[in-house]
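To start, the structure under review is shown below, and the notes come after it.
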Amino acid sequence: MRLFLLVSLFLIRFASMAQSPFWFLGQRAGGYTDRFDAHSTVSIGMGSSNYIGDLAPLGGFAQAGIQSMRWNLGAQFTRHFSKNFSARFGLSYVRLAGDDNYFDQNGDFSGSYYRNLHFQNDLKELTILGVFELMGNKEFIRKRPQFAPYVMVGIAAFSHDPRARKDALMSNGTLVKGNWISLHGQNTPSEGNSYSLVGLAIPVGVGFRYRLTDDFDLGFEIMHRVAFSDYLDDVSDNRNQVPAATSFYTNRSILSVAPNTLAVRNTTKPAVVPEYSWGVDQYFTTQIQLVYHIPKK
Numbered sequence: 011m012r013l014f015l016l017v018s019l020f021l022i023r024f025a026s027m028a029q030s031p032f033w034f035l036g037q038r039a040g041g042y043t044d045r046f047d048a049h050s051t052v053s054i055g056m057g058s059s060n061y062i063g064d065l066a067p068l069g070g071f072a073q074a075g076i077q078s079m080r081w082n083l084g085a086q087f088t089r090h091f092s093k094n095f096s097a098r099f100g101l102s103y104v105r106l107a108g109d110d111n112y113f114d115q116n117g118d119f120s121g122s123y124y125r126n127l128h129f130q131n132d133l134k135e136l137t138i139l140g141v142f143e144l145m146g147n148k149e150f151i152r153k154r155p156q157f158a159p160y161v162m163v164g165i166a167a168f169s170h171d172p173r174a175r176k177d178a179l180m181s182n183g184t185l186v187k188g189n190w191i192s193l194h195g196q197n198t199p200s201e202g203n204s205y206s207l208v209g210l211a212i213p214v215g216v217g218f219r220y221r222l223t224d225d226f227d228l229g230f231e232i233m234h235r236v237a238f239s240d241y242l243d244d245v246s247d248n249r250n251q252v253p254a255a256t257s258f259y260t261n262r263s264i265l266s267v268a269p270n271t272l273a274v275r276n277t278t279k280p281a282v283v284p285e286y287s288w289g290v291d292q293y294f295t296t297q298i299q300l301v302y303h304i305p306k307k
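Taking the working numbering, the leading residue of the sequence shown gets 11, the next gets one more, and so forth.
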């Protein structure tokens, strides 16, 4: 009878553990844990955007970063495959901008100020990211931690079309901004080349989620992209310098009014040259997100 009871208890214990086909992978010190329950989340967000390039070199970010800041919108779908690894697909609309007139005419970037160029570019972006959860997800959605930090890396494809304003106009005795115009990838004769209106970028980012309810999180992310293009601003490091404002995109140093800011300018140009951001253009975004965990049922 004792032997029968011992065998029965052993079989009951074995059956309860074998309910999961991979029960032996879930054993750990202190007891047994179920396998990870894969699930999905969707999120929407908005935040700021900044660009680093020929009209906003990294060294000049302290001077022009706030004025160059614009906005972005995004939506994401994330599939959590395991406790630490997820895959994300995202769509974003990112506005970038820069203006030489954000710099001080007597500062380190006075050459850029006298060049007097500006741009605005709206990027439509698709991203595919791998996400690594630093603290790991729990076995089930409702057991997720209160605070969940993570890092991301992947690839992004985008379409873009940089624009600049025509010269400022006088209307009813006041200055008004001109219309936005674009070369649609056909660069100025002084540069002698063209560029594609679609491109790729490498995004790298960090973020965290804060649990609000059983179904919703509040998220925050910072994402940096290195684009495989030097023409997000329509200005290349290799463009030729010309002495007069022969183009809306090449050199507008003789204009007495900045077309984008309508600021009155000093056109007495000293012997200085613009500061270039050597290499490809970059941009980064911050985003506050509302995250919804899709119930398994």
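Every residue, glycine too, gets a C-beta built ideally from N, C-alpha and C.
Keep in mind the model is a prediction, meaning the values are calculated, not measured.
Nearest by alpha-carbon distance to residue i: which of the options is it?
i	options	result
ASN65	ASP225, ILE298 and SER120	Note that residue 65 corresponds to Leu in the displayed sequence, not to Asn. Nearest C-alpha to LEU65: SER120.
HIS303	LYS93, ARG89 and GLY84	ARG89
ASP224	LEU106, TRP288, ASN147 and PRO305	PRO305
LEU179	ASN189, ILE232, VAL161 and PHE91	ASN189
ASN94	PHE218, GLY146 and GLN196	GLY146
GLY212	LEU139, ASP114, PRO67 and GLY84	Checking the sequence, you will find Ile at residue 212 rather than Gly. Selected option, being the one with the closest Cα: LEU139.
PHE168	PHE230, VAL283, ASP47 and ARG105	ARG105
ILE298	SER204, THR278, LEU83 and ASN111	LEU83
ASN131	PHE218, GLY57, SER78 and THR51	SER78
LYS279	SER102, ARG262 and ASN270	ARG262
ILE232	ILE54, MET162 and ASP240	MET162
ASN203	HIS234, TYR241, ALA174 and GLY75	TYR241
According to DSSP, is residue i part of a helix, a strand, or is it coil?
i	result
ARG275	coil
TYR302	strand
PHE226	strand
GLN73	helix
ARG45	coil
LEU265	coil
LEU68	helix
SER59	strand
GLN297	strand
PHE34	At PHE34, the pLDDT of 42 sits below 50, so the modelled position is not reliable; the number obtained from the coordinates is stated separately. Correct three-state label for PHE34: helix.
TRP288	coil
SER246	coil
SER50	strand
ARG152	helix
SER78	helix
Given a threshold of 16 other Cβ atoms within 10 Å of its Cβ, counted over all protein chains shown, does residue i qualify as buried or as exposed?
i	result
ALA72	exposed
ILE191	exposed
ASP291	buried
ASP243	buried
ASN144	Correcting the residue type first, residue 144 is Leu in the shown sequence and not Asn. Per the 10 Å Cβ criterion, exposed.
HIS194	exposed
ILE62	buried
ASP177	exposed
ASP47	exposed
LEU127	buried
GLN196	exposed
THR295	buried
VAL301	buried
ALA273	exposed
GLY209	buried
GLY55	buried
THR277	exposed
GLY8	In the structure displayed, the chain extends from 11 to 307; residue 8 sits before or after that span and is not available.
Return the first residue and the last residue of the beta strand (DSSP E) that residue i is part of.
i	result
ALA158	157–169
TYR241	Segment: none, TYR241 is in no beta strand (DSSP E) and carries neither H nor E.
SER181	179–181
HIS194	Taken as a continuous stretch (DSSP letters only), HIS194 belongs to no beta strand (DSSP E), as it is neither H nor E.
ASP132	128–143
ILE212	208–221
Please decide whether residue i counts as near chain D, where near means a Cβ-Cβ distance under 8 Å.
i	result
SER92	Protein chain content of the structure displayed is limited to a single chain, and chain D is not contained in it.
Need the endpoints of the alpha helix (DSSP H) that residue i sits in, please.
i	result
ALA107	No alpha helix (DSSP H) holds ALA107; the beta strand (DSSP E) holding it covers 95–109.
GLY121	120–125
- Would you call the region 107–119 and the region 133–145 in contact, with 3 or more CB pairs under 8 Å? no
- Message: Taking contact to mean 3 or more Cβ pairs, one atom from each stretch, closer than 8 Å, check whether the region 147–166 and the region 182–190 are in contact.
- Response: no
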